[in-house]
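Reading through the C-alpha cells given below for one structure.
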Ligand SMILES: Nc1ncnc2c1ncn2[C@@H]1O[C@H](COP(=O)(O)OP(=O)(O)OP(=O)(O)O)[C@@H](O)[C@H]1O
Ligand SMILES: Nc1ncnc2c1ncn2[C@@H]1O[C@H](COP(=O)(O)OP(=O)(O)OP(=O)(O)O)[C@@H](O)[C@H]1O
Ligand code: SF4
Ligand code: SF4
Ligand SMILES: [Mg+2]
Ligand SMILES: [Mg+2]
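As C-alpha cells, then:
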C-alpha cells in the first residue's frame, strides 16, 4: 500500500518525530449536570463521565481505550479533541493547551486532529455528494485555494481509502456501510491531521468488512505517520490495532499497558474479568479457559462507589482500603510486567502472586434512579418511578 | 450465577429425535413492482432436546427472518413462506395464528436482541413474570409472586424483591435481558430461539447471559437455537453450527470440526478476518473482498462467487447443491483443503 495514495506524509504542520509526546492529558474531568424538573431546571447531581484521567499519547502510535458502555470512553475522546469542555484538568496538544486558544490559532490547531465516528451514515450529511463532503473540511481550513490541486487531492483521498474517483459524484446512501466508513476516514484525512480519534470505527460493520477498514487504518498510519486514539468496546479489535491500551471503569483508567502485555499479564481484577469474558472463536480455548463472571451491572456514574470504584463487583476485594481509598495508577513490580504497565489496584501485587484468593460477590444494588449505564440514546436519565409517559 | 465458574458446553451426543425439524424453508418478500426478494432461500436444519444449534452469518443473511418465520411472527402481508417447520410432530407453518399464539410462550419462546421490544413498557416486571406462570402453570398471582422473585434472583438480578415493582425502562439492558430469560424459565419452554440476545450488551454482561443460557439447556433439556454474528459466541455455546450466506446454509458441522477444519471458503474467510484476543499480535487480517452487495442469485450460481478466492468457472454457471445431511454438510464446488 505504501506510496500508492499520493498523499504527502510530510505535512507542513507535522513537525515532531515519532515517539514524542503528542497529547498529554492530566487530571481530566468531564462532569455533566443532571437536570430535573419541568419548569425550572434544577441541577440535582452530576454524571462523572470522566473523573480524573492522566494519559499520554505519543506521535505515531495507536492508543486504544476499552471499557463497558457508559464508562466514559467517548467523552474522554471528545474532551481530547476539545469538543467537550473539561470540568477540570488539561489537554496539551504538542505542548499547547487547546482550551486556551482562540480564533485563527484555534482554527489552525483544529485541523490537526479529526474524528471518525461509529455510524458512518449519521455522521455524513445525506444531501451532499462525497465531493462536497470532502471539500467542506478543506474549505473550512483554507486548503481549497487552487482548483487543480484540489482536484488532484480529492482523487488522492479517494484512492487512499480504496474508493474509485467516480464515487466523488455519489451520495452517501449509494455506498455500503464499509464504504461509508471509508468516506468518513477520507473526510478526516482531507485536512491532513496529525491525530485521528476513531470512536468505534468498525462496530457498525459486518465482520468481513471490519477487517478491510482495520487494515486501511493501519496502512494509512504507516504511510502518513498518523497518531490514533481508538475507542472501542471490542477488545480483540483494540488489541489488534493498538500499541498501548487503557482500560476504563466508571470514568477512570484502571490499567494501562502495552497491547500484548495486557492480555498476557492483566493486573487489574476488572481487566482480568474483561479478558476472560471476550469470546474466542476456538472451541478448545472456550472449553478450557477459566471465566471470571462478574455480577451485576456497572454502577451509576452519577453516584460512583467510594474508594476503588470496582469494589462493588470485585472478586478480590479486601476488607481494608478497597472501599475507602481510591487507588492511583501506579507501576507495580510483578513478574512479566514492564515499566510502562500501570494499574490502579491496592492489591495488584498480592493478586498477581496468588496471595489473595478470588471470592464470590453478591450482586449489589447501586444507585436507584439512574440504574444501568445510560447509553447514547438521547435520554440518559430516567424517571425514578412510574411508567414512561407515552 | 454468582459462582465464578468455568462454563463448558457439556452436551451429550444427540441420539434423540429432533424436536424441531425445519425443511426447505423459503421466505420471499414481494416488493410491489420489483423482483421478489428471497430472504430465506431453502433452509433445513434439526434441533434436538438439550441441543444448541447456532445460525451464524453476516447482516442480512436471513437469520432473523428464519426465526420469525418459524415463530409465525412475520408480518401477515407482503411475504410468502414455504417449506415446513415440524415441532413435535406438528407443522408450525400450518397452524392458525391462534394455535401458534398458544404454542408461543408455553412450548416455544423467543428472546430478541432488544429486550425492551418484548417487554410491556407499562407493566411492572413482577407482573410480567407472574402472568406467564399464571397462564402456563395455573398458579394464582399470590402463589406466583415469590416464585417470580426467586426466578429473578436465579438469573442474577440483584435485590429481586425490589425489582418486581420496577418497569422495564428502570432496568439496564443487561437486567432486561435477564428478566426476559427469567420469563422464559418461568414457562419452561421446550424450544428457545435466541436472536442476538447479547449483541447489545457489554462483554462482561454477555458472559453472564451466555452462562445462564448454558445452564438452562443443561438443566431443563431445552432445545436452543442461537442466532448470532459472533463466531466466538458460537464456539463456546453451540453444539452444531450452521453458517448462512445469502439466505442459504453453506456449511454445517459440530463446533469442533467446523472451527478446526472449516471447508467452505466463506467460513474460512470469516475466521481469517476477525482479530483474536489470544492470537500473536502483528499479523495482518485477511478481509473478505467486496461486500454482500456483490452477491449473485443462487438460481444459477454460487452467491459468494464474486468474493470467493476459490471460485471456478462452474461457480458462476451453476448452483452448488447441498452435500451432506442434518449433521454435517457443505454447499461448494471447490472447498478448502481438497482439490487445490
Ligand atoms: N451530553 C451528555 N449529557 C449528560 N450525560 C452524558 C452526556 N454524554 C455522556 N453522558 C453520560 O456520561 C457517561 C459516559 O458516556 P460515554 O458516552 O462517554 O460512554 P462510553 O464509554 O463511550 O459508552 P458507549 O460504549 O456506550 O459508547 C454515561 O453515563 C453517559 O450517559
Ligand atoms: N419485512 C421485510 N420486508 C422486506 N424485506 C425484509 C423484511 N424483513 C427482512 N427483510 C430482508 O430480508 C433479508 C434478511 O433479513 P434478516 O433480518 O433475516 O437478516 P439477519 O441475518 O437477521 O441480519 P442481522 O444480522 O442484520 O440481524 C434482508 O435483506 C432484509 O432486508
Ligand atoms: S483495589 Fe480492591 S476492589 Fe479495587 S480492584 Fe483492587 S482488590 Fe478489587
Ligand atoms: S461454490 Fe465456488 S464460488 Fe462458491 S464458495 Fe465454493 S468455490 Fe467459492
Ligand atoms: Mg461511546
Ligand atoms: Mg437479525
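Chains as they are written, first to last, in our numbering: chain Z, 97 to 486; chain V, 108 to 447.
Glycine included, each C-beta is placed from N, C-alpha and C at the ideal position.
The model shown is predicted, which means the values in this text are computed figures rather than measured ones.
beta-carbon residue i near ligand 6 non-hydrogen atom, thresh 7 Å
i	result
residue 171(V)	yes
residue 302(V)	yes
Nearest-angstrom beta carbon gap, residue j and residue i [assumed within contact, 8 Å]
i	j	result
residue 281(Z)	residue 212(Z)	6 Å
residue 292(V)	residue 258(V)	6 Å
residue 162(Z)	residue 343(Z)	6 Å
residue 161(V)	residue 358(V)	Incorrect: roughly 12 Å between the Cβ atoms, too far for contact.
residue 207(Z)	residue 287(Z)	4 Å
residue 154(Z)	residue 117(Z)	6 Å
CB of residue i within 8 Å of CB of residue j, strictly
i	j	result
residue 160(Z)	residue 334(Z)	yes
residue 401(Z)	residue 408(Z)	yes
residue 354(V)	residue 131(V)	no
residue 167(Z)	residue 346(Z)	yes
residue 416(V)	residue 307(Z)	no
residue 189(Z)	residue 205(Z)	yes
residue 339(Z)	residue 158(Z)	yes
residue 457(Z)	residue 444(Z)	no
residue 164(V)	residue 350(V)	yes
residue 143(V)	residue 136(V)	yes
Residue i: contacting residues in chain V (beta-carbon distance under 9 Å)
i	result
residue 164(Z)	309, 310, 311 and 312
residue 306(Z)	380, 381, 382, 392 and 394
Test: residue i CB closer than 8 Å to a CB of chain V
i	result
residue 391(Z)	yes
residue 272(Z)	yes
residue 108(Z)	Note that residue 108(Z) has pLDDT 44, beneath the 50 cutoff, so the model's placement of it is unreliable and the number below is only indicative. Cβ-Cβ to chain V under 8 Å: no for residue 108(Z).
residue 153(Z)	no
residue 281(Z)	no
residue 463(Z)	Low per-residue confidence applies at residue 463(Z): pLDDT is 43, beneath 50, and the placement is therefore not dependable enough to give any value.
residue 364(Z)	no
residue 379(Z)	yes
residue 311(Z)	yes
residue 373(Z)	yes
residue 181(Z)	no
residue 269(Z)	no
residue 407(Z)	no
residue 437(Z)	no
residue 289(Z)	no
residue 331(Z)	yes
residue 459(Z)	yes
heavy atom of ligand 1 below 7 Å from residue i C-beta
i	result
residue 170(Z)	yes
residue 297(Z)	no
residue 167(Z)	yes
Heavy atom of ligand 4 within 7 Å of residue i beta-carbon
i	result
residue 345(Z)	no
residue 378(V)	no
residue 271(Z)	no
residue 441(V)	yes
Short CB-CB distance (under 8 Å) between residue i and chain Z
i	result
residue 418(V)	no
residue 265(V)	yes
residue 363(V)	yes
residue 315(V)	yes
residue 240(V)	no
Residues that residue i contacts on chain V, provided the C-beta gap is smaller than 7 Å
i	result
residue 382(Z)	342 and 343
residue 376(Z)	339, 342, 383, 384 and 385
Within chain Z, the residues that residue i reaches when beta carbons sit closer than 8 Å
i	result
residue 388(V)	335, 336, 355 and 356
residue 369(V)	Chain Z residues near residue 369(V): none, gap ~10 Å exceeds 8 Å.
residue 440(V)	Within chain Z, no residue comes near residue 440(V); the closest Cβ sits about 20 Å away, beyond 8 Å.
residue 376(V)	304
Cross-chain neighbours of residue i in chain V, by beta carbon under 8 Å
i	result
residue 302(Z)	165, 166, 336, 398 and 399
residue 359(Z)	384 and 385
residue 370(Z)	310 and 311
heavy atom of ligand 3 below 7 Å from residue i C-beta
i	result
residue 442(Z)	yes
residue 243(V)	no
Contact set between residue i and chain Z, taken where Cβ atoms lie within less than 7 Å
i	result
residue 318(V)	389
residue 366(V)	377, 378 and 379
beta-carbon residue i near ligand 5 non-hydrogen atom, thresh 7 Å
i	result
residue 309(V)	no
Distance cut-off 7 Å: residue i Cβ against heavy atoms of ligand 2
i	result
residue 144(V)	yes
residue 151(V)	no
Residue i: contacting residues in chain Z (beta-carbon distance under 9 Å)
i	result
residue 235(V)	By Cβ distance, chain Z contributes nothing, its closest Cβ being about 12 Å from residue 235(V), past 9 Å.
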